[in-house]
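Here the structure comes first, spelled out in structure tokens, and everything after it is commentary.
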Ligand code: UT7
């Protein structure tokens with residue numbers, strides 16, 4: 005093992021959204037819904053949908069290549085690849101991270117998938133940063149990638165209007181003293197797992213004709229419970245990571261929340277006393293891309309020059325598990 009480093013941060017970001025766009029008006033023709041309901045209750049107007057031949061690793065690979073290019077690194081520089089996803093290419097194995105490792109030809113990288121629902125990217129960055137800080141690895145790729153369209157019940161208006169496909173990636177490595185990850189917090193409450201789950205396809209209820217007929221391989225969600233949980237945990241986790249960083253709400257230049265519902269985002273902004281121009285919102289365009297939301301937002305913020313070196317970012321996510329997490333990050337690029 006090499007010498008431990010002190011500060012770990014993001015060296016490069018990239019994202020990929022499939023080209024097909026599904027609008028609320030398209031959904032009006034598929035289920036009993038309206039553009040007005042979806043916009044008012046969620047803030048979503050459009051979402052991207054992967055082409056039939058695209059699996060999660062295809063989306064992840066493009067985002068990863070873009071992040072590497074942004075960091076000025078090659079696949080050979082990468083020691084670790086983590087793919088946070090709820091929609092791996094294969095049900096069991098190989099992991100999507102191994103598929104990305106192969107296609108990137110990242111010859112020196114360990115690779116594994118991470119399951120923490122929509123909090124997956126925040127969990128992944130936390131794990132990778134500690135492995136770098138310990139000196140075990142030097143550079144890691146953390147990818148949030150999803151093809152949620154594959155596990156939605158397109159006849160269930162309660163869920164099918166909410167999610168989209170996409171991928172975002174970040175390259176992590178050592179950064180200057182005082183920059184990078186300043187605080188982080190992770191949490192879970194498995195008792196709430198039943199509120200957002202895929203009933204069949206695992207060891208408890210293996211795939212059968214019956215499970216397929218009953219559409220048990222699709223997302224089942226108790227939206228109201230997840231909503232209440234989200235509003236409760238976002239403030240709590242942010243407080244912890246801010247305390248660890250020795251910062252307060254006022255020091256944050258941009259809140260980058262998980263994009264599940266504009267009303268959840270607005271409630272978080274109110275809680276943090278942050279004006280909405282300091283909150284990154286793209287749910288209108290991409291909907292909820294689960295683990296991909298936050299890295300897609302980071303890549304978009306960089307493309308739009310919405311942040312500069314030294315800005316303090318607060319990343320906050322929640323999701324299936326139930327899980328939650330937050331990271332305070334001083335942008336180092
Ligand atoms: O990343 C984590 C994953 N998920 C989330 O974060 C989701 C969190 N939850 C939410 O965002 C919201 O709870 C939803 C958007 C899912 C639902 O919004 P809501 O304001 O809590 O609506 P509701 O579930 O209380 O439903 C209100 C009504 C119901 O009709 P009735 O029973 O009052 O007649 C629903 O059947 O709206 C109906 N409804 C719809 N109507 C038109 C539900 N979905 C739709 C729809 N179009 N797509």
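In my numbering, the protein residues as written are 5 to 337. From the three backbone atoms N, C-alpha and C, an ideal C-beta is built for every residue, glycine too.
{"Asked": "Residue 99 - DSSP class collapsed to helix/strand/coil", "Found": "coil"}
{"Asked": "Every unbroken alpha helix (DSSP H) within the segment 196 to 235, with a cutoff of 4 residues, ordered by chain", "Found": "213 to 217"}
{"Asked": "Beta-carbon proximity of residue 122 to residue 295, cut-off 8 Å", "Found": "yes"}
{"Asked": "Where residue 278 sits in the DSSP three-state scheme", "Found": "coil"}
{"Asked": "Per-residue DSSP class, three states only, for residue 178", "Found": "strand"}
{"Asked": "Buried or exposed (CB count within 10 angstroms, at least 16 for buried), residue 165", "Found": "buried"}
{"Asked": "Contact belief for residue 23 with residue 299 at Cβ below 8 Å, rounded distance in angstroms", "Found": "Rounded, the Cβ-Cβ distance is 19 Å, inconsistent with contact."}
{"Asked": "Cβ neighbours of residue 113 in the same chain (closer than 7 Å, five flanking residues each side left out)", "Found": "82, 83, 84, 85 and 105"}
{"Asked": "Near the ligand UT7: residue 42 beta-carbon under 7 Å from a heavy atom", "Found": "yes"}
{"Asked": "Buried versus exposed, by CB contacts within 10 Å (16 or more), residue 10", "Found": "exposed"}
{"Asked": "Spatially closest choice to residue 312 from 55, 39, 159 and 334, by CA coordinates", "Found": "334"}
{"Asked": "Spatially closest choice to residue 226 from 282, 177, 188 and 201, by CA coordinates", "Found": "201"}
{"Asked": "Sequence-distant residues of its chain with Cβ nearer than 6 Å to residue 253 (five each side left out)", "Found": "276 and 277"}
{"Asked": "DSSP bridge partner residues for residue 292 (one or two, in chain order)", "Found": "167"}
{"Asked": "Touching by the beta-carbon criterion (3+ pairs, under 8 Å), the segment 232 to 251 and the segment 279 to 295", "Found": "no"}
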